[in-house]
Amino acid sequence: MFTTTIFHSLLGLAVPDAGPGLHFIDVGQGAALLLQGEAGERVLVDSGPAAGSDALLHALAEHGTNEVDLWIHTHFDADHIGGFSLAMTGLDRRRPSPDDPTVARLWDRGLAGPLPDSEAFALYLALAGTAREAPAPGSVYAVPGLRIEVLDLDPLPAAAPENDRGLALCVEVGGVRALLPGDLSAPRVELAAAACGVVDVLWLSHHGAANASSELAITLANPELTVISAGHDNDHCHPSPLALALLHGRQAWILDGAGVDPRGSCPALVDSLGAQHHLVGGDLWIDAELRSWLGISGGWVLS
């Protein structure tokens, strides 16, 4: 495990290098992550909601590209695939046009079982076309400095909800090991944590929902730090105080999150924070030595 060092780029203290790393993108109530290999290969995991599409494009621009080598969608809920269709039109919102991202490959959970009846899902299928594929359990994407494995979890019952149909990913970025469980419920996260082993970074499942974490899952993963992606305006009040309590005494970075504004309808988030919990406004970058930066100009952190 590493000792985490925190740099505040908004203060001009440091900027992340061009090597391997994890770029957690603040897309509001949803999830999106950019992974980078040694030679600049870029993999996106999820695309957030439609309202987060500009954040995706700006994150790619921060890395000097609009090319994506692999785009993985863990499951088909709109807050994980909704940003894809708008992002694919570029900032000018016209397709085709020169600023449109190019995507070499797409992975998703496949089309088995009940499928969402949503505009976001229909647009995803239409744009993905023949580029999409459903990786088999155990499938690996590997380039220098970046390895992504689709974890092999127990078979699902036929009536499993969409969240539990999602992919769970075990990732190595340089020397950092991370578990990305999408929106899996706690029993599935426990299986994923057992399969991936101890990690440096845990992307907390389902935006910190109460039913998506457990003491066993946290113990199995034993993360050096945890990242929670949630929107300040989400009516689910993510992250849950119960999830934050499981991380008591552990370092956690919360991108946005309901309750940031104590005047809202959710309980004040500050009342549930531990001593090592940080509220982040903006993106969070983590490099291959587990050093962290705020990822956008004007971002903020409250500790």
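The sequence shown begins at 1 in the UniProt record's numbering and counts up by one.
Even glycine gets a Cβ: it sits at the ideal position worked out from N, Cα and C.
Owing to the predicted nature of the structure, the values given are computational and were not obtained by experimental measurement.
Each residue's CA atom was taken as its position, placing residue 99 and residue 293 some 27 Å apart. Look at residue 74 here: in three-state DSSP terms it is coil, with no helix or strand label. Contact check for residue 50 against residue 91 fails: the beta carbons are separated by 7 Å or more. In this structure, residue 37 sits near residue 144, with a CB-CB distance shorter than 7 Å. For residue 162, the closest alpha carbon among the candidates 179, 268 and 114 is that of 114. Membership of residue 172 in the beta strand (DSSP E) is indicated by the continuous run 169 to 173.
Straight across, the Cα-Cα distance linking residue 284 with residue 182 is about 18 Å. Distance from residue 169 to residue 72 at the Cβ level is roughly 7 Å; contact confirmed, criterion being Cβ atoms closer than 8 Å. Of all alpha-carbon atoms in 57, 188, 213 and 269, the one lying nearest the alpha-carbon of residue 233 is that of 269. Take the alpha-carbon of residue 274 and the one of residue 123: they are about 40 Å apart. Within the model, the alpha-carbon separation for residue 104 versus residue 110 is close to 18 Å. Residue 97 has its alpha-carbon roughly 10 Å from the corresponding atom of residue 88. Contact check for residue 81 against residue 47 passes: the beta carbons are separated by less than 7 Å.
Secondary structure of residue 207 (DSSP, three-state): helix. Annotated three-state conformation of residue 27 is coil, per DSSP.
Burial state of residue 291 is buried, judged by a 10 Å Cβ sphere holding 16 or more other Cβ atoms. Excluding residues up to 5 positions away in sequence, 76, 78, 81 and 115 lie with their Cβ nearer than 8 Å to the Cβ of residue 121 in the same chain. Using a 10 angstroms sphere on the CB of residue 224, the tally of other CB atoms reaches 16 or more, which defines it as buried.
Residue 19 and residue 287 have their alpha carbons spaced roughly 8 Å apart.
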